[in-house]
Each structure stands twice: as structure tokens, then as C-alpha cells.
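The opening residue of the sequence shown carries number 38 in the numbering used here; numbering runs sequentially from there.
We treat Cβ as the ideally placed atom computed from N, Cα and C, and that holds for glycine.
Owing to the predicted nature of the structure, the values given are computational and were not obtained by experimental measurement.
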Amino acid sequence: MRLWLYILISLFLFSCGDYSYIEKIDENIQEVPDNEGWDLDMEFTEKDNIKARMHAKYMQRKELKRDIYKTDLDSGIIVFFYNKEGVKTGKLESIRGSIDEKTNILTARDSVVLFHPNGAKLYTDKLFYDSKQDLVYTDSPLLYIHNNDTINGTSFKSDSRFETYEIMNMNGKAEKLENFKIK
Numbered sequence: 038m039r040l041w042l043y044i045l046i047s048l049f050l051f052s053c054g055d056y057s058y059i060e061k062i063d064e065n066i067q068e069v070p071d072n073e074g075w076d077l078d079m080e081f082t083e084k085d086n087i088k089a090r091m092h093a094k095y096m097q098r099k100e101l102k103r104d105i106y107k108t109d110l111d112s113g114i115i116v117f118f119y120n121k122e123g124v125k126t127g128k129l130e131s132i133r134g135s136i137d138e139k140t141n142i143l144t145a146r147d148s149v150v151l152f153h154p155n156g157a158k159l160y161t162d163k164l165f166y167d168s169k170q171d172l173v174y175t176d177s178p179l180l181y182i183h184n185n186d187t188i189n190g191t192s193f194k195s196d197s198r199f200e201t202y203e204i205m206n207m208n209g210k211a212e213k214l215e216n217f218k219i220k
């Protein structure tokens, strides 16, 4: 009986200590990714046809909820778009991005540049690529430059082959607009 009393008193005394350091440790713990990798190559396909190829210098994948993942990309992203014949139809570059694996939408962020094979370039801060719907779009301000055309807009929408574009609230200098739907 004395042994039990000694154990209870000891537990009570030790439990009254200051454990605030545990809270400080918890604050400094960073979430660890489920997967991490460097020099990642990924393909977006439909029925064995390659729609796009992406290369990212750094990737980390986290489980948001059970079987729902988000992949963060960093340190440089390059995406090449292809038509059904396997010919490159454009290129996308950005510093960072992410892939929502539930919707399979790539979000490119920071210094985003979209290159068209005809030499046109589109600059914006954020651009989305929805491989299921074959859409490239943004709702961020943009700058489009091609030859002597310099156009600002508030949003952009195109298929990945860049056959036609939509730019909302366009203003700027344009001599010859090719493949545009003006709104």
C-alpha cells in the first residue's frame, strides 16, 4: 500500500511541472510532405495522347484529406503543350505552381510566361491549365506581346493548342490580331 501511495504522490508532484516548452516545440514543427522530389517530369495525357509535358525542379506532395493530395512545385516549372499529332503548340514557364490532384488543374504562379509558336508571349502572375477541359486561362491582369502588338487585359482564355484566344477588357496597341475573340 505504501508503494502505491509513493507512486501517486510522485506522479502528482511531477505533473505540476512547467511544460510550456512543449508548446514552443509544437509551434516550431513544420509540416513534413508525404513525398518530395527534384527534377520531376510529368505528362498530362488523354487516351494515350500526350497533351502536355511538365518539368519542375522541386516538388512536394501533401495529403490534404484522406486520398486528396496537393502537389506544390517550386524553383522553376516548364510545360510544353502538344496537339494530337504530337507537335509542340506552346510553352509555359513560371517560378512556382501547384497541382490539385482531385481536379488535375495545374496552377502556375510568379513570373508566368506563355509562349506561342508564332513568337507571341503572354505575361501574368497566375495561369491555370485544366487538362480535362483542355483550357489555359487566367483571371489576373496580363500583358500580351507579339510583333508590334502590345495589349493589356484583365483575363485570358484559350485551348492548349492556342487556336483562338479570349482577352477581356483589352487595351493597348494592335496592328494585326491573329486568332483573337475580342470581348
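### Query
Nearest-angstrom Cα distance between residue 186 and residue 209?
8 Å
### Status (buried if at least 16 other CB within 10 Å, exposed otherwise) for residue 131
buried
### Residue of 160, 202, 135 and 97 minimising C-alpha distance to residue 172
202
### Task
Sort 178, 191, 141 and 189 by Cα distance to residue 168 and report the nearest one.
141
### Query
Taking DSSP as the reference, what is the three-state secondary structure of residue 72?
strand
### Message
Tell me the rounded alpha-carbon separation between residue 179 and residue 146.
### Response
13 Å
### Query
If we call anything under 9 Å between Cβ atoms a contact, is residue 181 one with residue 159?
yes
#### Entry: Three-state class that DSSP yields for residue 219 in the structure shown
With a pLDDT of 48 at residue 219, under the threshold of 50, the modelled position of this residue cannot be trusted; read the value that follows with caution. Residue state, collapsed to three classes: strand.
### At least 3 beta-carbon pairs within less than 8 Å: the segment 117–133 vs the segment 98–106
no
### Task
Please say whether residue 93 and residue 110 have beta carbons closer to each other than 9 Å?
yes
### Query
Who are the Cβ neighbours of residue 175 in its own chain at under 7 Å, not counting the five residues just before and after it?
161, 163, 164, 165, 192 and 193
### Task
In the DSSP assignment, find the unbroken beta strand (DSSP E) run with residue 149 in it and report its ends.
142–152
#### Entry: Close Cβ partners of residue 219 (< 6 Å) along its chain, the five nearest in sequence each way excluded
Residue confidence is low: residue 219 scores 48 on pLDDT, short of 50, so the model does not pin down where it sits. Its coordinate-derived value is still stated next. Hits under 6 Å: none found.
### Query
Quick one, are the C-beta atoms of residue 91 and residue 81 less than 9 Å apart?
yes
### Query
Terminal residues of the continuous beta strand (DSSP E) containing residue 175?
172–175
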